[in-house]
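In UniProt numbering, the protein residues as written are 1 to 481.
Note that CB positions come from ideal geometry on N, CA and C, so glycine has one too.
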Amino acid sequence: PEFSLSEVAKHKTKNERVWITYKSGVYDITEFLESHPGGASKIMLAAGGSVEPFWAMYAVHKENPEVFELLEPLRIGNISKKDLIEMQQTKKADPNDPFASEPGRHPALAPSSKKPFNAEPPQELLVDNYITPNELFFVRNHLPVPQVDMNKYVLTVGGEGLKKHSFTLDELKEKFKHRKMVATIQCAGNRRSNMMEVKKIKGLSWGIAAISNAEWTGVYLSDILAHVGLSDPENRGELKHVQFEGLDLDPEKAPYGGSIPIEKALDPSGDVLLAWDMNGEPLSRDHGFPLRVIAPGIIGARLVKWLSKVWASPDESPSHWQQNDYKGFAPQVDWDSVDFKKSPAIQEYPVQSAICEPKDGTVWDDEEEVTVKGYAYSGGGREIIRVDVSADGGKTWHPTELVAKPNQGYNRTWAWTLWEASVPLPKDAKGKKVELCAKAVDSAYNTQPESFKPYWNLRGVVANAWHRVHITVEPPEGDDD
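If you want it as structure tokens, here you go:
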């Protein structure tokens with residue numbers, strides 16, 4: 001029999017049967033879920049759609065006869081000829097749509113908006129790897145993704161009272177020492193959806209996965225600034241900021257922009273890179289090809305992609321996103337009373353952690369203990385020294401094991417820490433909902449606040465209160481003593 005893709009898409013739960021597609025085949029994997037070697041939650045990511053993009057992430061599936069032997073008996077039919085033809089045809093782009101030339105994206109990414117494209121990976125995949133696979137790195141775009149002609153691309157570097165230079169990408173690679181660095185990028189709006197539970201917020205409804213970790217290759221910004229005449233912080237004069245401009249343009253042809261303090265830019269131990277590689281591969285279009293800023297420890301909004309200009313100035317970037325966005329305010333300030341001039345632009349992110357497994361709403365089948373996994377990170381180079389987890393809403397706490405952490409030095413810890421713990425459940429948990437909580441402590445002994453309520457802000461930024469997840473403890477029938 002043949003099935004349309006719309007029919008396949010309806011089969012995403014055990015009650016409706018779980019179907020997936022592979023090439024032209026349609027498969028019912030409902031009975032296979034619990035025996036999947038990677039766990040049911042992983043294969044359920046493909047429910048109602050194609051399994052191919054997910055197999056591409058795990059090498060064990062590639063051209064493995066055993067995998068096909070397991071899959072083929074589950075085949076129930078084929079994708080309809082009509083849908084196969086439509087899949088093979090390239091859709092004609094609307095020439096008037098500024099987003100017509102957007103790059104392809106991995107289907108595992110969950111969009112909070114499609115134009116511009118903003119998306120995060122499934123949280124259960126986030127902690128599978130210390131280095132986030134490129135295709136699963138969260139995407140934050142403010143404007144259409146530009147198409148860069150490398151025959152015309154140059155980076156302009158200068159500033160008030162400085163020599164102005166232009167570099168091609170090849171010249172940057174030839175003139176300056178190459179550097180590698182592992183660093184985490186976190187959107188200032190990460191976990192905004194959690195803060196929205198207190199009061200409505202205007203903005204993308206980010207979950208807990210607007211954060212990712214990668215190894216970046218590029219050149220130090222401090223080396224480039226020294227080349228144009230700015231090397232000694234003591235002789236910087238009135239220069240206080242380094243501004244960045246991208247090639248992504250708004251409808252009025254104004255570029256996206258941001259800036260960082262000049263102290264961060266000039267300090268070699270600040271490790272600010274102009275990067276062209278991400279995890280050993282050239283930057284993808286979504287992540288800033290051909291060049292982007294990596295200012296580790298600073299929020300993602302300042303790490304300008306598709307970089308075209310670096311300019312030292314007495315002033316911050318004049319861009320909308322530096323002046324009228326990504327700022328925090330007191331809870332009583334709302335859109336009818338906000339004055340963005342009264343709040344400084346966010347630079348460093350405070351200490352943060354989140355529970356990635358189990359997910360909120362999980363039915364847990366062990367009444368003795370629960371295995372909890374997640375990430376922790378702090379801005380400004382501050383190391384994570386501890387993560388605590390509670391299984392009773394914060395009444396009692398248990399230490400976690402920091403299973404993957406960087407070794408980057410004091411106040412130069414730019415990458416996240418992954419953690420996990422087996423936490424005992426309350427004795428009366430069976431048949432009840434249990435609230436799991438997590439909180440991290442950084443090397444300055446900052447810790448996460450208990451609640452969002454005292455610091456709710458109208459933009460929903462730096463949302464770092466305890467992360468709370470609710471599970472229901474229901475052991476399988478027959479497990480009673």
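Legend entry - Environment of I85 [buried if 16+ CB atoms lie within 10 Å]: Burial check for I85: the Cβ neighbour count within 10 Å stays below 16, so the residue is exposed.
Inset, instruction - Out of N129, P146, V8, A330, state which residue places its alpha-carbon closest to the alpha-carbon of N78. - result: Among N129, P146, V8, A330, the Cα nearest to that of N78 belongs to V8.
Legend entry - Nearest-angstrom Cα separation, counted from K373 out to I355: 6 Å
Inset, instruction - Given a cut-off of 7 Å, decide if L283 and W216 are closer than it, judged by their beta-carbon atoms. - result: no
Legend entry - Reference E102; option with closest CA among S113, Q147, S166: Minimum Cα-Cα distance from E102 among the listed residues S113, Q147, S166 corresponds to Q147.
Legend entry - CA-to-CA distance, K427 to E135, given in whole angstroms: 42 Å
Legend entry - Beta-carbon contacts of E197 that lie in its chain and below 8 Å, excluding the five residues immediately before and after: F452
Inset, instruction - Rank S205, K430, W414 by C-alpha distance to the C-alpha of D365 and give the top, closest one. - result: K430
Legend entry - Beta-carbon proximity check, V441 vs I385, cutoff 7 Å: Yes, these two residues count as a Cβ contact at 7 Å.
Legend entry - Beta carbon of V389 nearer than 7 Å to that of V423: yes
Legend entry - CA-to-CA distance, N279 to Y27, given in whole angstroms: 34 Å
Inset, instruction - Measure the alpha-carbon distance for V461 versus C187 and round it to whole angstroms. - result: The alpha-carbon atoms of V461 and C187 are separated by roughly 9 Å.
Inset, instruction - Return helix, strand or coil for V8, following the three-state DSSP convention. - result: helix
Legend entry - Other residues of its chain near T13: CB distance less than 7 Å, five sequence neighbours each side excluded: none
Legend entry - Rounded Cβ spacing between Y256 and V182 (contact assumed at less than 8 Å): Going by Cβ atoms, the distance from Y256 to V182 rounds to 25 Å, so no, they are not a contact pair.
Inset, instruction - Thinking V370 and L436 are a contact (beta carbons under 8 Å), I'd like their distance in whole angstroms, please. - result: The Cβ separation is near 7 Å, so the contact holds.
Legend entry - DSSP bridge partner residues for S212 (one or two, in chain order): Answer is I185, bridged to S212.
Inset, instruction - Determine the direct distance from the alpha carbon of A46 to that of T90, and round the result to whole angstroms. - result: Note on T90: pLDDT 48, under 50, position unreliable in the model; the coordinate value appears next. About 23 Å.
Legend entry - S4 to S80 span [Cα, whole Å]: Roughly 5 Å separates the two Cα atoms.
Inset, instruction - In the DSSP assignment, find the alpha helix (DSSP H) that holds H470 and state where it starts and stops. - result: Looking at the DSSP string, H470 is not in any alpha helix (DSSP H); the run it does join, the beta strand (DSSP E), is 467-473.
Inset, instruction - Within the same chain, show all residues whose beta-carbon is closer than 6 Å to that of P358, passing over the 5 residues directly before and after it, in chain order. - result: I471
Legend entry - Neighbourhood of W321 by C-beta distance below 8 Å, restricted to the same chain and skipping five residues each side: H142, Y256, G257, G258, A301
Inset, instruction - Out of F176, V242, E238, point me to the one whose CA is closest to A295's CA. - result: V242
Legend entry - E383 - containing beta strand (DSSP E), residue span: Counting along the chain, E383 falls outside any beta strand (DSSP E), and DSSP gives it neither H nor E.
Inset, instruction - Please confirm whether V473 and E367 have their CB atoms less than 7 Å apart. - result: yes
Inset, instruction - Could you give the DSSP three-state label for residue 484: helix, strand or coil? - result: Here the chain comprises residues numbered 1 to 481, so residue 484 is not present and cannot be evaluated.
Inset, instruction - Return the residue from the list D250, F176, I43, P1 that minimises the CA-CA distance to Y225. - result: Here residue 225 turns out to be Leu, not Tyr, going by the sequence shown. Out of D250, F176, I43, P1, F176 has the C-alpha closest to the C-alpha of L225.
Inset, instruction - Report all residues from its chain with a CB closer than 6 Å to the CB of S166; omit the five preceding and five following residues, and keep chain order. - result: V154, T156
Inset, instruction - Report yes or no: do three or more beta-carbon pairs, one from the region 47-55 and one from the region 15-25, lie closer than 8 Å? - result: yes
Inset, instruction - Please name the residue in E2, T413, T184, H227 whose C-alpha comes closest to that of K82. - result: E2
Legend entry - CB of V127 within 7 Å of CB of Y326, strictly: no
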